[in-house]
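First up is the structure itself, then whatever we jot down about it.
Here it is in C-alpha cells:
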C-alpha cells in the first residue's frame, strides 16, 4: 500500500526555512516527490503557507510584490513535485472545530487526513491532542520554535 501524508502549515514552514525538525519533513516529502507516497496540503493550509512566506520574504513583515511571487513560486514548486493541494470537507472541519479546542486552520488538515486515510504530519501544536476522529499523527518535532 502507498503511504499517504497530509502536511500541516507548521511542517511546510519548517521545511522551507530549515527550522528544527525540517529533516523529518524533507524525508517524507522526498517520498512524495519520488512518488512512493501520496502527499496532500489542505487549501486552508496552502493559504497559510502563502501568507507566511509572503510576510517572511517581505519587508518588515509586510508582503511585497516580490514576496508574493516567492510565496506563489514555493507552493507551485511543491505542487509540481507531487504535493497535491486539496479541499478538505468543510463540514467535517467545522465539526472538528465545534467539538474541541482545535483552530479552524488546524481542523482542515485533520479532516483531509481522515478523508484520505493519511498520516497527519504536524509539529508540537497541542491542538491535535484530543480530536474526535481517528487520524494517525506523526510529529516532526516535540517543541515549538
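Numbering (this note's numbering), first residue to last: 286 to 430.
The C-beta atom is built at its ideal place from N, Cα and C for all residues, glycine as well.
Predicted model only: the values in this text are computed from it and were never measured.
Self-check item: Span separating the alpha-carbon of residue 422 from that of residue 323
Solution: About 16 Å.
Exercise. Name the one or two DSSP bridge partners that residue 422 has.
Key: Its beta-bridge partners are 405.
Quiz prompt | Where residue 370 sits in the DSSP three-state scheme | solution = Of the three classes helix, strand and coil, the one that applies to residue 370 here is strand, per DSSP.
Quiz prompt | Cβ neighbour criterion (16 or more within 10 Å) applied to residue 389 | solution = Around the C-beta of residue 389, fewer than 16 other C-beta atoms lie within 10 Å, and the residue is accordingly described as exposed.
Quiz item: In its own chain, which residues sit with a C-beta less than 7 Å from the C-beta of residue 416, not counting the 5 before and 5 after it?
Solution: Counting only Cβ-Cβ distances below 7 Å, and skipping sequence neighbours, we find 381, 385, 387, 395.
Quiz prompt | alpha helix (DSSP H) segment containing residue 379, residue limits | solution = If you look at residue 379, you'll find it in the alpha helix (DSSP H) that goes 375-384.
Exercise. Could you tell me the distance, in whole angstroms, from the CA atom of residue 334 to the CA atom of residue 356?
Key: Looking at the two C-alpha atoms, the distance is approximately 8 Å.
Practice problem: Could you give the DSSP three-state label for residue 430: helix, strand or coil? | Solution: In this structure, residue 430 counts as coil in the three-state DSSP scheme.
Self-check item: Separation of residue 321 from residue 294, as counted between CA atoms
Solution: For residue 294 and residue 321, the distance between alpha carbons rounds to 22 Å.
Exercise. Tell me, to the nearest whole angstrom, how far the beta carbon of residue 305 is from that of residue 430; I am working on the premise that it is less than 8 Å.
Key: Indeed, because the Cβ distance is near 6 Å, the residues count as touching under 8 Å.
Quiz item: Grouping DSSP H, G and I as helix and E and B as strand, with all else coil, what is residue 263?
Solution: Since the first and last residues shown for the chain are 286 and 430, residue 263 lies out of range.
Quiz prompt | Own chain partners of residue 377 with C-beta closer than 6 Å, once the 5 adjacent residues on each side are dropped | solution = Within the same chain, residue 377 has close Cβ partners 396.
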